[in-house]
Amino acid sequence: MFTSDDLDSPLSAQEMTELEDFLLSEKTSDNAMTLDMLDGYLTSVVIGPETLLPDDWMPYVWGLEDDAPPEFGSEEEAMRIMGLLLRYMNSLAGVFIDNPDAYLPLFERCSFENEEDEDMAVESWAYAFAVGIELCRESWKPLFDDEEASGLLLPVFILGKLGDEWDTLSSEELAEWRDALPEAVAGMYEYWLELRMNDEEG
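Here my numbering is used: the first residue of the sequence shown is 238, the next is one more, and so on.
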């Protein structure tokens with residue numbers, strides 16, 4: 238079993254590589270998330286309106302509903318990978334609790350061999366963030382319905398190319414939306430935090 242101390246420590250660079258290697262290994266399905274997707278997905282889970290349990294979000298890390306779960310080599314390996322995932326999620330949560338304005342998506346903290354890989358990382362992050370929304374879409378509805386605050390979602394849908402109307406944007410326009418993403422994510426976190434606080438006071 239994991240202790241709270243075990244799950245509170247951020248992943249080292251070596252552990253991030255270990256998790257990425259497992260996600261891309263033959264032990265997982267072809268539809269398992271990449272590390273960039275995982276970062277976007279768990280960010281959505283962390284900042285969203287509901288507190289989701291690992292059983293709610295973890296299956297989609299491994300792929301689609303009809304994909305087989307990973308083939309762990311041993312119980313120890315399963316516990317190791319589960320622990321890395323939970324620590325990754327907790328470290329993201331810690332960033333928002335400590336200082337939401339300090340948040341940066343993973344692709345802003347990495348270097349890439351070429352522009353194509355970088356663009357794919359950004360698109361994958363945004364697409365997976367939207368997947369996280371779908372886990373509890375009904376609970377996200379107040380944000381979608383809020384005429385002013387719903388604009389916070391635009392960078393996600395534009396960068397994830399979730400709609401034909403955004404396929405024609407220039408590279409300069411996409412760069413502007415990318416720059417707007419961290420602030421938008423922090424805004425979503427603060428939106429749901431304020432809503433929860435108002436509900437508790439009411």
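Ideal Cβ placement from N, Cα and C applies to all residues, glycine included.
No experiment lies behind these values; they were computed from the predicted model shown.
Quick check: the Cα distance between residue 433 and residue 350, rounded to an integer number of angstroms? Each residue's CA atom was taken as its position, placing residue 433 and residue 350 some 42 Å apart.
Any idea what DSSP makes of residue 280, helix, strand or coil? Residue state, collapsed to three classes: helix.
So, is the C-beta of residue 419 closer than 8 Å to a C-beta in chain B? In the structure shown, chain B cannot be found, because there is only a single protein chain.
Does DSSP put residue 299 in a helix, in a strand, or in coil? Coil at residue 299, not helix or strand.
Going by the CB atoms, is the gap between residue 425 and residue 334 shorter than 8 Å? Taking the C-beta atoms as reference points, residue 425 is found no nearer than 8 Å to residue 334.
C-beta atoms of residue 295 and residue 362 nearer than 8 Å: Not closer than 8 Å, so no.
Under the three-state DSSP convention, the category residue 408 falls into: In the structure shown, residue 408 sits in a helix (DSSP, three-state: H, G or I).
Excluding sequence positions up to five away, which residues of its chain have a Cβ less than 6 Å from the Cβ of residue 423? Counting only residues of its own chain and dropping the five nearest sequence neighbours on each side, residue 423 has a CB closer than 6 Å to the CB of 337, 338 and 340.
Completely contained alpha helix (DSSP H) runs for the stretch 368-421, where each covers 4 or more residues: Listed in chain order, the complete alpha helix (DSSP H) runs (minimum 4 residues) inside the stretch 368-421 are 374-382 and 391-396.
Given 8 Å, three or more beta-carbon pairs between the stretch 256-271 and the stretch 303-310: With the cut-off at 8 Å, the stretch 256-271 and the stretch 303-310 touch.
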